[in-house]
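Engineer: Residue numbering for the sequence shown follows the numbering used here, beginning at -16 and increasing consecutively.
Yeah, the Cβ is synthetic: ideal placement off N, Cα and C, and Gly gets one too.
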Amino acid sequence: MKSLKKLDIIIIVSLLILSFVPSIIFSKSLSKNFNSTYVSIKVNGKFYDNIPLSSFKDEKTFTIKSKHGTNDVLVKDNKIKIIKANCKDELCIKQGEISNVGENIICLPNELIIEIKGAEKDSSSDDMILSH
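1. May I ask which residues mark the beginning and end of the alpha helix (DSSP H) holding cysteine 90?
2. Exposed or buried, asparagine 54, counting other C-beta atoms within 10 Å across all chains shown (16 or more means buried)?
3. Identify, in the order they occur along the chain, each residue of the same chain with its Cβ nearer than 8 Å to the Cβ of aspartate 109, setting aside the five sequence neighbours on each side.
4. Using the Cα positions of aspartate 32 and aspartate 72, report the straight-line distance between them to the nearest angstrom.
5. So glutamate 80 packs on valine 26, CB below 8 Å; how close in whole Å?
6. Rounded C-beta distance between valine 22 and leucine 1? I'm assuming under 8 Å.
7. Does the beta-carbon of isoleucine -6 have 16 or more other beta-carbons within 10 angstroms, so that it is buried, or is it exposed?
8. At 3 residues or longer, what runs of the beta strand (DSSP E) sit wholly inside the segment 15 to 73?
9. Kindly list the residues whose CB is nearer than 6 Å to the CB of aspartate -9, restricted to its own chain and excluding five residues on each side of it in sequence; keep chain order.
10. Could you round the C-beta distance between valine 84 and lysine 64 to whole angstroms and report it? I think they count as a contact, below 8 Å.
11. Give me whichever residues DSSP pairs with leucine 95 in a beta bridge.
12. Where does lysine 100 fall in DSSP's three states?
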């Protein structure tokens, strides 16, 4: 068996360092400061509702019904979570609460997607730019 040469070690270390670059770039893009955040809800792959999250101070519980089942959702303290679902595995409940841009809760049996997105002010106008 051949021993590692100096160039082999340099290549291995370089590849190891480069492997972290995409995750660093991705985490930086998600940690961007947004003026406001909102929750985007899709049921059966179609738009259901947007709920402003960053300005939401009260506690609100609502039920999302689809042809496959129901999910009870709680919005509280700028966080959202599913508190009750009639799916068998209840993984959506076990995911817990989410509060950061890019996080999501998915209930596959009920075809429900809850995702937190950010909105930032456009410097040239008063319109909001929605991004995720």
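Structural biologist: Let me lay it out:
1. Segment 87 to 90 is the beta strand (DSSP E) holding cysteine 90; no alpha helix (DSSP H) there.
2. Buried, by the Cβ-count rule.
3. A caution first: aspartate 109 carries a pLDDT of 49, below 50, which makes its placement in the model unreliable, though a value can still be read off. Taken in chain order, the list of residues that qualify is empty.
4. Rounded to the nearest angstrom, the gap between the Cα atoms of aspartate 32 and aspartate 72 is 25 Å.
5. The Cβ separation is near 20 Å, so there is no contact.
6. About 35 Å separates the two Cβ atoms, so there is no contact after all.
7. exposed
8. 19 to 26, 29 to 35, 43 to 48, 53 to 59, 62 to 68
9. none
10. Not quite, the Cβ-Cβ distance comes to about 16 Å (not below 8 Å), so this is no contact.
11. Val26, Cys90, per the DSSP bridge assignment.
12. The answer is strand: DSSP assigns lysine 100 an E or B state.
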